[in-house]
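Residue numbers (the working numbering): 7 to 217. From the three backbone atoms N, C-alpha and C, an ideal C-beta is built for every residue, glycine too. For reference, the structure is listed below as structure tokens.
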């Protein structure tokens, strides 16, 4: 089977959460002399994906301003007017969005609060998807399925009209297509929901403390 090119992959960057437990917008926290948002954008750009589209709360002006600073125009991100409906509603908005470039073959579903994932882990996942282009590829650490996961085109657009309760259910409904990719990176199973979690992973990454 012909290997799929990375430049036909797009990233859905999920960033519409309210960050209530953190107490501040997680994507604007410091990370590697940048913000979490800037770090994630730089990481995916280094990997050579064709398009990155953040999904954000339509009322989050601070995040919109940060995206403008990162050279995003307002037609390059996706707004979720009802983020309280949960992450799956953001995925459905992304699936319905008309701003995707032509020629895309796969969509990477990435959480906006996982800056701690090693770029080598992301590269491993991309390679697995390139070699298995019809499969739903998902990293697994210690038998725990995690993020980011990669959906082929047909299944990404299937999200728009899906009656699944959440992404986990959607993937389970396509279990025969799921390819579990073992990774040696515990960070794929974690996200930054609290100040304590942020401090832990910030420290684990060898970054200086917040000032």
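Boundaries (first-last residue) of the alpha helix (DSSP H) holding residue i
{"i": "residue 201", "result": "201-210"}
{"i": "residue 3", "result": "For the chain, the structure presents residues 7 to 217; residue 3 sits outside this window and is missing."}
{"i": "residue 123", "result": "No alpha helix (DSSP H) contains residue 123, which DSSP labels as neither H nor E."}
For residue i, the residue or residues it bridges with in DSSP
{"i": "residue 61", "result": "20, 84"}
{"i": "residue 1", "result": "Here the chain comprises residues numbered 7 to 217, so residue 1 is not present and cannot be evaluated."}
{"i": "residue 186", "result": "144"}
{"i": "residue 113", "result": "16, 157"}
{"i": "residue 196", "result": "DSSP, once it has assigned bridges, lists no residue as partnering residue 196."}
{"i": "residue 151", "result": "146"}
Buried versus exposed call for residue i [16 or more other C-beta atoms within 10 Å across all chains shown]
{"i": "residue 7", "result": "Caution is warranted here: a pLDDT of 49 is assigned to residue 7, below 50, making its placement in the model unreliable, and no coordinate value can be reported."}
{"i": "residue 135", "result": "buried"}
{"i": "residue 3", "result": "Residue 3 lies beyond the stretch modelled for the chain, which goes from 7 to 217, so this question has no answer here."}
{"i": "residue 41", "result": "buried"}
{"i": "residue 99", "result": "buried"}
{"i": "residue 205", "result": "exposed"}
{"i": "residue 74", "result": "exposed"}
{"i": "residue 17", "result": "buried"}
Length of the line joining the Cα atoms of residue i and residue j
{"i": "residue 129", "j": "residue 169", "result": "31 Å"}
{"i": "residue 191", "j": "residue 176", "result": "24 Å"}
{"i": "residue 215", "j": "residue 33", "result": "Caution applies to residue 215, whose pLDDT of 46 falls short of 50 and renders its modelled position unreliable; the model cannot decide the point."}
{"i": "residue 164", "j": "residue 109", "result": "17 Å"}
{"i": "residue 217", "j": "residue 117", "result": "Only weak support exists for where residue 217 lies, its pLDDT of 33 falling under 50; the coordinates are left without a value."}
{"i": "residue 154", "j": "residue 29", "result": "24 Å"}
{"i": "residue 71", "j": "residue 84", "result": "14 Å"}
{"i": "residue 14", "j": "residue 111", "result": "5 Å"}
{"i": "residue 97", "j": "residue 156", "result": "13 Å"}
{"i": "residue 174", "j": "residue 137", "result": "23 Å"}
CB-CB length for residue i against residue j, believed under 8 Å
{"i": "residue 61", "j": "residue 12", "result": "In fact, because the Cβ distance is near 21 Å, the residues do not count as touching under 8 Å."}
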